[in-house]
Ligand SMILES: Nc1ncnc2c1ncn2[C@@H]1O[C@H](COP(=O)(O)OP(=O)(O)OP(=O)(O)O)[C@@H](O)[C@H]1O
Ligand SMILES: [Mg+2]
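As structure tokens, then:
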């Protein structure tokens, strides 16, 4: 404002003569002033802007720092949720398992307890027969006359034969050893399931132990047997393996997830083949099935958390993610090969000495 | 009382044996089969009053087997014996397969015996009612035939004093 008013005053002195020059001067002065004004103005503004920029840079830096912190927190949170999810998955599969195990236990429980009940009946019958024998024997004594003895014997025998027929002692004697044998077998089956279950669900495993992976596979097979037995013929080809330093229960979890998937992939009747082999400082486990196979598009996603092609309630899509994480933790690798319509093979390589 | 025939189906042989033991003194003819398919074959050859079946079996499961029994042999009663306490299957068993009773494994021997006795009594009642109905129907048919041949014969007419009018 100030510059313009000054140049206007100047031009008032020499007005009519050189209108043209005047105009030029004025114009020049005007522009020069304008330029000055702009420079001055923009300088101030730039300074201001710089200050502001500096301030905001400061702010951004702070924000970035706090974002970094925030990010770390989120990462931590995600990690925690993930381990929670793994835990939940474990719980879910154990719940799932419990139903199967209950069925597996209820069958032997059913016939063992029923057999014991029957045994109680047999015992009653046998006891009453023995009592008859005893009273028969005590009814005889040396002082009796021959005629008396004959009478006592005939009467006693009659009663005993009648009772023997009534209780069908021949049947009982024939059946007793079978009943006991079958019951012992049932009890053995229950025992085995309980031991496997205890091995399997052993909580709080924070130390690596040396394990025979072939045994791990067998105990896992036992646990999921209920799910597999109607679907698949199981072929095992176990090689001789060194003991492997590992989180043994977690590996069982991996085997279970893969085996259950294999069974679920088989529609009617198929085959699951499990091979183990030892390769320089590593062991390799392959589990292949003759199930539905996995399409190429899905193959890249199967280890992603929550990727599932199963209907609601059947799959959460965590099984293989959990498996992947566990194998990773062991410094191992897990690979999959699949052909749609013909089957799938999972291969796991684990270092013998843990990590 | 006549001897009833019972078919028990379970893929576990030892279950079959233990139940046969429980029913040893009950005077039934007992048949067993280790699968639904074999059970259906047995049903072709015998007149079975009561069918008891496990649910979880390879091949045909218990529910499907008992459904088949219900449609092919509507006169026999069915009982499902299973370790699965799932409500869903129990409901299907009762609704779809018309199952008379649902027994859980491990079972109680006395309960099993009583349940079987009740089932057979129920069957007797149902069959008796059927045969009575049959009798009534055939008598009805005779009467209708008579009436057709001799109109009015099956109706009794009386006069005001209650005497039967004979034409
Ligand atoms: N052996 C297999 N054959 C065919 N498809 C498979 C096989 N294993 C895994 N898949 C595919 O990979 C998907 C992911 O498997 P994953 O075990 O992670 O989850 P899920 O089985 O669906 O659910 P869950 O959490 O109950 O295990 C499955 O839904 C299935 O489509
Ligand atoms: Mg799975």
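Residue numbers (this note's numbering), protein chains in the order written: chain A, 6 to 360; chain B, 1262 to 1428. From the three backbone atoms N, C-alpha and C, an ideal C-beta is built for every residue, glycine too.
Contacts of residue i in chain B (Cβ-Cβ under 8 Å)
i: residue 115 of chain A; result: 1276, 1279, 1344, 1366, 1367 and 1368
Chain A contact for residue i (CB, 8 Å cutoff)
i: residue 1283 of chain B; result: yes
i: residue 1335 of chain B; result: no
i: residue 1264 of chain B; result: no
i: residue 1270 of chain B; result: no
Beta carbon of residue i nearer than 8 Å to that of residue j
i: residue 123 of chain A; j: residue 1283 of chain B; result: yes
i: residue 277 of chain A; j: residue 294 of chain A; result: yes
i: residue 1343 of chain B; j: residue 1309 of chain B; result: no
i: residue 1350 of chain B; j: residue 1316 of chain B; result: yes
i: residue 1268 of chain B; j: residue 1294 of chain B; result: yes
i: residue 297 of chain A; j: residue 245 of chain A; result: no
i: residue 137 of chain A; j: residue 177 of chain A; result: no
i: residue 1384 of chain B; j: residue 1360 of chain B; result: no
i: residue 288 of chain A; j: residue 218 of chain A; result: yes
i: residue 1297 of chain B; j: residue 1275 of chain B; result: no
i: residue 321 of chain A; j: residue 313 of chain A; result: yes
i: residue 255 of chain A; j: residue 331 of chain A; result: yes
i: residue 343 of chain A; j: residue 299 of chain A; result: yes
i: residue 1303 of chain B; j: residue 1291 of chain B; result: no
i: residue 326 of chain A; j: residue 310 of chain A; result: yes
i: residue 251 of chain A; j: residue 324 of chain A; result: no
i: residue 1381 of chain B; j: residue 1311 of chain B; result: yes
i: residue 1366 of chain B; j: residue 111 of chain A; result: yes
i: residue 181 of chain A; j: residue 127 of chain A; result: yes
i: residue 117 of chain A; j: residue 192 of chain A; result: yes
i: residue 183 of chain A; j: residue 1279 of chain B; result: no
i: residue 268 of chain A; j: residue 233 of chain A; result: yes
i: residue 1323 of chain B; j: residue 1337 of chain B; result: no
i: residue 198 of chain A; j: residue 114 of chain A; result: no
i: residue 353 of chain A; j: residue 290 of chain A; result: yes
Partners in chain B for residue i, counting only beta-carbon separations shorter than 7 Å
i: residue 191 of chain A; result: 1275
i: residue 226 of chain A; result: Simply none; closest approach about 18 Å.
i: residue 111 of chain A; result: 1344, 1366 and 1367
Listed by chain order, chain B residues near residue i by CB distance under 9 Å
i: residue 123 of chain A; result: 1279, 1282, 1283, 1285 and 1370
i: residue 119 of chain A; result: 1276, 1279, 1280, 1282, 1283, 1367, 1368, 1369, 1370 and 1373
Heavy atom of ligand 1 within 7 Å of residue i beta-carbon
i: residue 324 of chain A; result: yes
i: residue 330 of chain A; result: no
i: residue 1314 of chain B; result: no
i: residue 297 of chain A; result: yes
i: residue 349 of chain A; result: yes
i: residue 399 of chain A; result: As displayed, chain A neither begins before 6 nor continues past 360, which places residue 399 of chain A out of reach and without an answer.
i: residue 307 of chain A; result: yes
i: residue 237 of chain A; result: no
i: residue 55 of chain A; result: no
i: residue 1305 of chain B; result: no
i: residue 123 of chain A; result: no
i: residue 219 of chain A; result: no
i: residue 107 of chain A; result: no
i: residue 262 of chain A; result: yes
i: residue 1 of chain A; result: It is not possible to answer for residue 1 of chain A, since the shown part of chain A is limited to 6 through 360.
i: residue 175 of chain A; result: no
i: residue 294 of chain A; result: yes
i: residue 257 of chain A; result: no
Test: residue i CB closer than 8 Å to a CB of chain B
i: residue 184 of chain A; result: yes
i: residue 179 of chain A; result: no
i: residue 107 of chain A; result: yes
i: residue 187 of chain A; result: yes
i: residue 235 of chain A; result: yes
i: residue 359 of chain A; result: no
i: residue 209 of chain A; result: Note on residue 209 of chain A: pLDDT 49, under 50, position unreliable in the model; the coordinate value appears next. Judged by the 8 Å Cβ criterion, residue 209 of chain A is not in contact with chain B.
Test: residue i CB closer than 8 Å to a CB of chain C
i: residue 1277 of chain B; result: Absent from the structure: chain C. Protein chains present are A and B.
Residue i CB to nearest heavy atom of ligand 3 below 7 Å
i: residue 312 of chain A; result: Ligand 3 is not among the ligands present in this structure, which contains only ligand 1 and ligand 2.
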